[in-house]
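Enquirer:
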Amino acid sequence: MSDQKNILIIVTNHKQIDADHPTGLWLEEFAIPFQLFRQHTYTVTVASPLGGMAPIDPRSLSTSEPAEAHGDALQALQYTEPLNSVNVEDYDAVFFPGGHGTMYDLPIPEVGRVVSQFFDAQKVVAAVCHGPAAFVQATQSDGTPIVKGRKVTGFTNEEEEEVKLAQLMPFLLESRLQELGAKFEKASMWSDYVVVDGKLITGQNPQSSASVAKAVIEALG
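The sequence shown begins at 41 in my numbering and counts up one residue at a time.
1. Take LYS55 and list the residues in its own chain whose beta-carbon comes closer than 8 Å to its own, dropping the five residues that flank it on each side.
2. Would you kindly work out how many angstroms separate the C-alpha atoms of LEU184 and PHE175, rounded to a whole number?
3. Can you name, in chain order, every residue of its own chain whose Cβ lies under 8 Å from the Cβ of ASP97, other than the five neighbours on each side?
4. Any idea which residues DSSP pairs SER88 with across the strands?
5. Let me know the secondary structure DSSP gives PRO246 once reduced to three states.
6. Out of LEU212, ASP58 and ASP112, point me to the one whose CA is closest to HIS170's CA.
7. Which of helix, strand or coil does DSSP assign to VAL176?
8. Keeping to the same chain, check which residues put their C-beta closer than 6 Å to that of SER100; ignore five residues upstream and five downstream.
9. The alpha helix (DSSP H) that contains VAL155, what's its start and end?
10. Look at the alpha carbon of GLU225 and the alpha carbon of LYS163, and state the distance between them as a whole number of angstroms.
11. Give the single residue among ILE57, ALA71 and LEU205 whose Cα lies nearest to the Cα of ILE50.
12. According to the neighbour-count rule (16 or more other Cβ atoms, all chains shown, within 10 Å of its Cβ), is LYS204 buried or exposed?
13. Near VAL256, what residues of its chain come up, given a Cβ to Cβ distance below 8 Å and the 5 sequence neighbours on each side ignored?
14. Going straight from the alpha carbon of VAL252 to that of GLU129, what length do you get?
15. Would you tell me roughly how many angstroms separate the C-alpha atoms of ALA113 and GLN75, rounded to the nearest one?
16. Rounded to whole angstroms, what's the CA-CA distance from PRO246 to ALA227? Just pull it up for me.
17. Extract the residue ranges of the alpha helix (DSSP H) inside the stretch 189-255, only unbroken runs of 4 or more that lie entirely within it.
18. Expressed to the nearest angstrom, what Euclidean distance is found between the alpha-carbon atoms of ASP182 and GLY111?
19. Threshold first: 4 residues or longer. Then list the alpha helix (DSSP H) segments lying entirely within the stretch 45-87, N to C.
20. When you compare each of LEU117, LEU90 and PHE195 to LEU123 by their alpha carbons, which one comes out closest?
21. Based on the DSSP output, what are the partners of VAL165 in its beta bridges?
22. Between the Cα of GLY221 and the Cα atoms of THR85, GLN177, LYS239 and ILE57, which residue gives the shortest distance?
23. Quick one: what's got a C-beta closer than 7 Å to ALA259's C-beta in the same chain, skipping five residues either side?
24. List the endpoints of the continuous alpha helix (DSSP H) containing LEU114.
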């Protein structure tokens, strides 16, 4: 592989929790890392389980910078590559932004296999907020969950309760990662907090978006 770094960002296609709760990806968790990677002249490819347009959680549009500040990132979400077209050998790192949509279509075998392939190749695997939902179906060659015995963070049970969506989720991310044997670490709610365990890099919440991206950049040298 050349010196040029190639980053794969995998986002959700899921856009509805129920009739009253539209969802998708959380914009700043995608846009800020996307922009930081591009500033480092990385080639960034955006994929999703199904391909096509990636939905944005409308709540994240009201909390992020004005949409025009994320022009290139928004454009990249108009057409994402389908996951089955991805060749792991083409990339140096994979990154999973969050958003509640990820809780529905990232904990699937197809995503788990991609995570496992990056992990087995000793490449950087990173996620922020609900993004570690992508790790739920990821295993090592012997069937052991990749998170077992490893330090990780992600959107906490307390944060899920705070946003009043805990009862609507298919599972609680913190609890599920712990069930898989992860050493789940966390800071106070809404703190900028990143955990690095080798080439496994995770951030707790939207506030951690830039810090996760910077940790990926540092890991890639």
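Backbone N, C-alpha and C fix where the C-beta goes; we use that ideal spot for every residue, glycine too.
Expert: With the given structure in hand:
1. The residue you call residue 55 lines up with position 15 of the sequence shown. The residues are PRO62, THR63, GLY64, PRO95 and GLY141.
2. Here the question's residue 184 lines up with position 144 in the sequence shown. Here the question's residue 175 lines up with position 135 in the sequence shown. One point to set straight first is that residue 184 is Thr, not Leu, in the sequence displayed. Roughly 12 Å between the two C-alpha positions.
3. To locate residue 97, count along the sequence shown from 1; it is residue 57. Contacts found: PRO62, THR63, GLY64, LEU65, TRP66, LEU67, GLY139, HIS140 and GLY141.
4. Taking the first residue of the sequence shown as position 1, residue 88 is located at position 48. SER88 is bridged to PRO122.
5. What you label residue 246 is simply residue 206 of the sequence shown in a count that begins at 1. It is helical.
6. For the purposes of this step, residue 170 is identified with residue 130 of the sequence shown, where counting begins at 1. For HIS170, the nearest C-alpha among the options comes from LEU212.
7. For the purposes of this step, residue 176 is identified with residue 136 of the sequence shown, where counting begins at 1. Three-state result, VAL176: coil.
8. Counting from 1 along the sequence shown, the entry for residue 100 is found at position 60. Once the five neighbours on either side are set aside, the close Cβ partners of SER100 are TRP66 and LEU67.
9. Translated into the one-based positions of the sequence shown, residue 155 becomes position 115. Note, VAL155: alpha helix (DSSP H), 149-160.
10. Locating residue 225 in the sequence shown gives position 185, counting from the first residue. Locating residue 163 in the sequence shown gives position 123, counting from the first residue. C-alpha separation (whole angstroms): 22 Å.
11. For the purposes of this step, residue 50 is taken as the residue at position 10 of the sequence shown. When each option's Cα is compared against that of ILE50, the closest is ALA71.
12. For the purposes of this step, residue 204 is identified with residue 164 of the sequence shown, where counting begins at 1. Exposed, because fewer than 16 other Cβ atoms sit within 10 Å of the Cβ of LYS204.
13. Here residue 256 is taken as the residue at index 216 of the sequence shown, counted from 1. Taken in chain order, the residues that qualify are ILE47, PRO73, PHE77, ALA133, PHE135, VAL164, ALA166 and ILE241.
14. The sequence position of residue 252 within the sequence shown is 212, counting from 1. The sequence position of residue 129 within the sequence shown is 89, counting from 1. Between VAL252 and GLU129, the C-alpha separation is close to 23 Å.
15. Taking the sequence shown and counting its residues from 1, one reaches residue 113 at position 73. Taking the sequence shown and counting its residues from 1, one reaches residue 75 at position 35. In a straight line, the C-alpha of ALA113 is about 7 Å away from that of GLN75.
16. Stepping through the sequence shown from its first residue, residue 246 is reached at position 206. Stepping through the sequence shown from its first residue, residue 227 is reached at position 187. The alpha-carbon atoms of PRO246 and ALA227 are separated by roughly 13 Å.
17. 197-202 and 213-219
18. The residue given as residue 182 occupies position 142 in the sequence shown. The residue given as residue 111 occupies position 71 in the sequence shown. Looking at the two C-alpha atoms, the distance is approximately 43 Å.
19. 67-79
20. Taking the first residue of the sequence shown as 1, we reach residue 123 at position 83. LEU123 has its Cα closest to that of LEU90, out of LEU117, LEU90 and PHE195.
21. As a first step, residue 165 is located in the sequence shown; it is residue number 125 there, counting from the start. DSSP, once it has assigned bridges, lists VAL134 and LEU240 as partnering VAL165.
22. The residue you call residue 221 lines up with position 181 of the sequence shown. Of THR85, GLN177, LYS239 and ILE57, the residue nearest in Cα terms is GLN177.
23. One-based indexing of the sequence shown puts residue 259 at position 219. VAL164, LYS239 and ILE241, listed in sequence order.
24. Along the sequence shown, one-based indexing puts residue 114 at 74. Per DSSP, LEU114 belongs to the alpha helix (DSSP H) from 111-116.
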